[in-house]
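Number of protein chains: 2
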Amino acid sequence: MRIGELAKAAGVSVRSLRYYEEQRLLTSTRSPSGQRHFREADIDRVGFVQRLYAAGLSSRTIKELLPCVDAPSEATSDAAMERMEQERERLSAHIEELVRTRDALDGLMATNRAHRKTLRRATAA
Amino acid sequence: MRIGELAKAAGVSVRSLRYYEEQRLLTSTRSPSGQRHFREADIDRVGFVQRLYAAGLSSRTIKELLPCVDAPSEATSDAAMERMEQERERLSAHIEELVRTRDALDGLMATNRAHRKTLRRATAA
DNA sequence: CTTGCCTCTGACATTGATGTCAGGTTTTAG
DNA sequence: CTAAAACCTGACATCAATGTCAGAGGCAAG
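Chains as they are written, first to last, in my numbering: chain V, 1 to 125; chain X, 126 to 250.
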């Protein structure tokens with residue numbers, strides 16, 4: 001499949017795909033004229049990459065983890081395993097913080113709702 | 126308290142504090158010579174701002190919400206309330222996505238661990 | 001062949017929070 | 001009084017993923 005097709009299938013811009021390739025997060029074969037060709041499996045790969053991006057991982061980190069996705073049949077280096085554990089930790093911490101922030105927001109909303117109710121009552125009176 | 130003191134207390138750079146003020150997320154009184162003076166309460170405020178930043182809110186959005194923090198006693202505009210609900214939704218969606226990503230990472234780690242075990246057994250044999 | 005769409009490379013722009021540097025004033029400590 | 005440390009403004013730099021534009025070539029259909 002050509003780049004435009006992959007872009008549409010994965011819901012990503014063509015520009016981003018070229019960038020991913022540049023960052024070695026994605027590979028393609030080239031037609032004689034130089035056009036990129038991708039495999040079906042690349043749709044999922046792009047999705048995974050996007051997800052990791054959304055989780056705040058950098059290209060550099062993602063690149064370190066991708067070998068584990070591509071070749072889980074080979075021995076995964078200790079370094080990569082450690083990296084994954086580490087990112088998992090980071091992720092958990094981040095999630096926890098977001099939850100706390102959401103709670104804070106909830107508290108804020110409750111307070112404001114209460115005040116609004118008070119005001120309404122005062123106005124009605 | 127002066128800016129350096131607040132920076133240390135809140136665990137933020139002096140540069141950031143000046144930026145927050147510029148973005149109107151923080152206010153200060155000025156000494157005759159022009160130095161900023163902050164209140165104790167600003168430590169918490171900076172913490173809150175930082176938390177919202179970490180949650181992916183922009184300065185612009187944070188600015189919209191801060192009035193609700195400062196003056197919960199006044200009527201909070203419908204717009205601000207809606208804004209909060211909206212950000213809460215965004216936050217929840219983000220959290221969910223992160224959890225799914227973490228699950229994916231867990232799956233990846235399990236797969237790789239399994240393969241490593243297999244390899245170890247093969248090596249031992 | 002031509003028209004239109006897709007692709008190529010390469011380069012520059014953007015965004016947002018923050019770092020950093022320069023040159024100058026204020027405050028504090030000795 | 002003096003030196004060090006903290007502060008001021010203003011400006012430019014940075015990072016990372018993406019957008020965007022320009023100029024050129026590729027490919028399918030009429």
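All residues carry an ideal CB built from backbone N, CA and C; glycine is no exception.
Given 7 Å as the limit, tell me if residue 187 of chain X has its C-beta closer than that to any heavy atom belonging to the ligand SAH. No copy of the ligand SAH occurs in the structure displayed, which carries no ligand at all.
Check whether the region 134 to 150 of chain X touches the region 97 to 111 of chain V, taking contact to mean three or more Cβ pairs, one atom from each stretch, closer than 8 Å. no
Is there a Cβ of chain X sitting closer than 8 Å to that of residue 104 of chain V, yes or no? yes
What's the gap between the Cα of residue 27 of chain V and the Cα of residue 223 of chain X? 26 Å
In chain order, what residues of the same chain lie with their CB nearer than 6 Å to the CB of residue 94 of chain V, ignoring the 5 residues before and after it? none
At least one CB of chain V closer than 8 Å to the CB of residue 224 of chain X: is that the case? yes
If I follow the unbroken alpha helix (DSSP H) through residue 48 of chain V, where does it start and stop? 41 to 54
Going by DSSP, what residue range makes up the alpha helix (DSSP H) through residue 182 of chain X? Element bounds for residue 182 of chain X: n/a, residue is neither H nor E.
Interface residues of chain X around residue 69 of chain V at Cβ under 7 Å? 233
Using a beta-carbon distance below 8 Å, is residue 217 of chain X in contact with chain V? yes
Any beta-carbon of chain V closer than 8 Å to the one on residue 177 of chain X? yes
So, is the C-beta of residue 64 of chain V closer than 8 Å to a C-beta in chain X? no
Under a CB-based cut-off of 8 Å, is residue 55 of chain V close to chain X? yes
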